[in-house]
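At the far end of the sequence shown sits residue 536, using numbering that gives the first Met the number 0, and the numbering has no gaps.
Quick reminder that beta carbons are idealized off the backbone N, C-alpha and C, glycines included.
Quantities reported herein were computed from a predicted structural model and do not represent experimental measurements.
Read through the structure below, which is laid out as structure tokens, and then see the notes.
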Amino acid sequence: MNDASSSKMTIAQKIICGFAILIAILIAVSATSIVISTSIRKKVELLHSTSLVRLEALDGIKQAVLTNRYLFLSHIASTNPQEMTATEARMKENSAGASERYKAYEATLTDEQDRAEYATIVDFRKRYIETRAKVMEMSQKGDKAGANAEFQATLAPLLDGYVQAVQKLSNDVQEDTRVFTDVIRRETLFSQNLMIWSTALTLVLAVVTSWLIIRSTNATLRQVAADLTEGSDQLSCVAESLSTASQSLAEGTSHQAASIEETSASLEQISALGKQNQDRTVSASDSAGRTRKAVDIGLGDVNSMAATLEEVGNTSREMETAMQAMRSSSNDIAKIIKTIDEIAFQTNILALNAAVEAARAGESGAGFAVVAEEVRALAQRSAEAAKNTSTLIESTIQRSHAGAQISEKVATTVGALLEKSALVQNRLKEIASLVQDVNGISNEVASSTSEQTTGITQISTAVHDIDTVTQKNAATSEETAAAAEELSAQAVTLRGNVLNLMALIDSSLAKRASLEGGVGSPALVGGRTGRAERHLR
């Protein structure tokens, strides 16, 4: 079937659309009828609740007024008190009934005009009641002639005006009722005509819609029958070509299965190599991690040694400072010793001079000579002690100088060691950074190798699945060849079903199609073979 037919409405859609139009018309007519019926019902209800109530009330008022007029004349004409009392009671009863009718009429008033008309009869009634009371009093007192004269002079004209006002208002209400009834009659007639014409229109539209649906459905079915006929012819050709293609597919599938088995074996080898590469990468990453830990430990030791050397340098500098202070103190002591030596020398000379003077003095200077000898001996001992002390101080100064030189050498050596330890520290940091980079690269290689192994495993699984599918395809191709033969048989059945479908549309079409030949006629098959082969390609 061509692509243009796909945009057409289906049979169900056509039927639904036709009935939807009819239903829409019925709904519109029903809605209009409901609206009109509701309006008529409201007008009838208004008629019952207003006009009829008013007419009944006015008729009751008129009857009550006329009856009371007759009773009032009877009261004037009577001289029996009992009859007069009974007459008054009946008049009061009629007046009470009239009051009730006045209340019923007043309840129906809706606008100012109605109230004005109603006020006219109310005013008449008020004046009538006042005048009647005066005449009634005269009649009750026995002044019958005066009461009759007053009745004829004032009350009778007032009663006539009262009755005429009530009758006029009743005539107006009757005219309004007639107009209102005419409106209801016209609306009812319109509703009847609407129902008649809408029913006729619905019947016409139903007939036209049914005819259009049947016409379009027959045209569609004819096109479907033609397409199915052509499709059944093509189906026979396709079945034959499909059988040939299935055999070729089975042979190609066998070769493909062999190639897939070789590919699967190669993928298994690649997967094994990838696994080994992954294990080695993991081992290298572990070694790099251990190296990094060792470098971190060595870097900590170097830092500790640098701190120790710095402490040694500080100590050597302090010792050098102490040596310089000791050498300065030794020089000061040497100066003091030299002064003591000079004092001893001078004392020795003075003692010698004192001994010479004591010898000159003779016996008187003998004691002084002994003292002078002792002083000289002390001076010599002091000189000798000062000399020994000077020797020791000189030796101490030399040793302090040597110690200072050694401290300077130690400080220089410690400075050189600090510089070398800093260089070693920097080298260890560089090594740690390089080891970290190597460790990261090893991890990336390990991750990539793991992903590669996973991918190869997935490919191997997919190849195995493809191998399974290929084997199934090989079996399916054989089944397809058998199905092609079954397809040819189904084409013949389809041709028969097409004839049945055409018979539903028009029996002459079915007879003419059956006379044109079956599905398997050589001319028909030959005419469709090329197109079927192109379809398969």
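Note that the C-beta distance between Leu308 and Leu427 is not below 8 angstroms.
Looking at Asn499, Ser459, Val162, Asn330, the one whose alpha-carbon comes closest to that of Asp58 is Val162. Rounded to whole angstroms, the gap between the alpha carbons of Gly96 and Thr201 is 57 angstroms. Secondary structure at Leu377: helix, using DSSP grouped into helix, strand and coil. Straight-line measurement puts the Cα of Glu443 at about 31 angstroms from the Cα of Leu422. Distances from the CA of Ser420 to each of Ala132, Gln81, Ala305 were compared; the closest alpha carbon is that of Ala305. Comparing alpha carbon positions, the residue from Leu21, Thr411, Gln404, Ser447 closest to Leu204 is Leu21. Proximity to Ala148 across Ala287, Ala76, Ile195 peaks at Ala76, based on C-alpha coordinates. Within a 10 Å sphere around the beta-carbon of Ser247 sit fewer than 16 other beta-carbons, which makes this residue exposed.
From the listed residues Thr187, Leu70, Ser50, Gln151, the smallest Cα separation to Glu105 is found for Ser50. Within the region 22–91, the runs of alpha helix (DSSP H) at least 4 residues long that lie entirely inside it are, in chain order, 51–76. By the CB criterion at 8 angstroms, Gln424 and Asn302 fall inside the cutoff. Counting the other Cβ atoms within 10 Å of the Cβ of Asp113 gives 16 or more, which makes it buried.
Non-local beta-carbon contacts of Ser315 in its own chain, meaning distances under 7 angstroms to residues more than five positions away in sequence, involve Ser406, Val409, Ala410, Val413 in chain order. In this structure Glu186 touches Ile35 by the C-beta definition: roughly 6 angstroms separates them, less than 8 angstroms.
Contact between Leu70 and Thr84 is absent: CB atoms are separated by about 12 angstroms, not below the 8 angstroms threshold. The count of Cβ pairs closer than 8 angstroms, one atom from the region 453–465 and one from the region 192–200, stays below three, leaving the stretches out of contact. In this structure the region 203–222 touches the region 8–18; the number of beta carbon pairs closer than 8 angstroms is three or more.
With a cutoff of 8 angstroms on beta-carbon distance, Ser389 and Ile336 are scored as near each other.
By the C-beta density criterion, Val497 is buried, having at least 16 other C-beta atoms within 10 angstroms. Counting C-beta atoms within 10 angstroms of its own C-beta, Leu158 has 16 or more neighbours from the protein chains shown and is therefore classed as buried. Assigned with DSSP and collapsed to three states, Leu204 falls in helix.
Contact check between the region 344–357 and the region 375–385: three or more CB pairs, one atom from each, fall below 8 angstroms, which counts as touching.
The beta carbons of Ala19 and Leu234 sit no closer together than 8 angstroms. For Ser399, the closest of Glu484, Glu310, Asn330, Gln191 by C-alpha to C-alpha distance is Asn330.
Taking the CA atoms as reference points, Met137 sits about 19 angstroms from Arg89.
When secondary structure is reduced to three states using DSSP, Thr130 falls in the helix class. Between Ala103 and Val52, the CB-CB gap stays under 8 angstroms.
With at least 16 other beta carbons inside 10 angstroms of its own, Asn67 counts as buried. For Lys143, the enclosing alpha helix (DSSP H) begins and ends at 143–149. Contact check for Ser282 and Asn438: beta-carbon distance about 12 angstroms, past the 8 angstroms limit, so the pair fails to qualify. Shown here, Leu486 sits in a helix according to DSSP, grouped into three states.
By the criterion of a C-beta distance shorter than 6 angstroms, Ile332 is surrounded in its chain by Ile392, once the five residues flanking it on both sides are discounted.
Between the alpha carbons of Val178 and Val172 lies a gap of roughly 10 angstroms.
Sequence-distant partners of Thr176 (beyond 5 residues in either direction) whose C-beta falls short of 6 angstroms from its own C-beta, in its chain, are Ser50.
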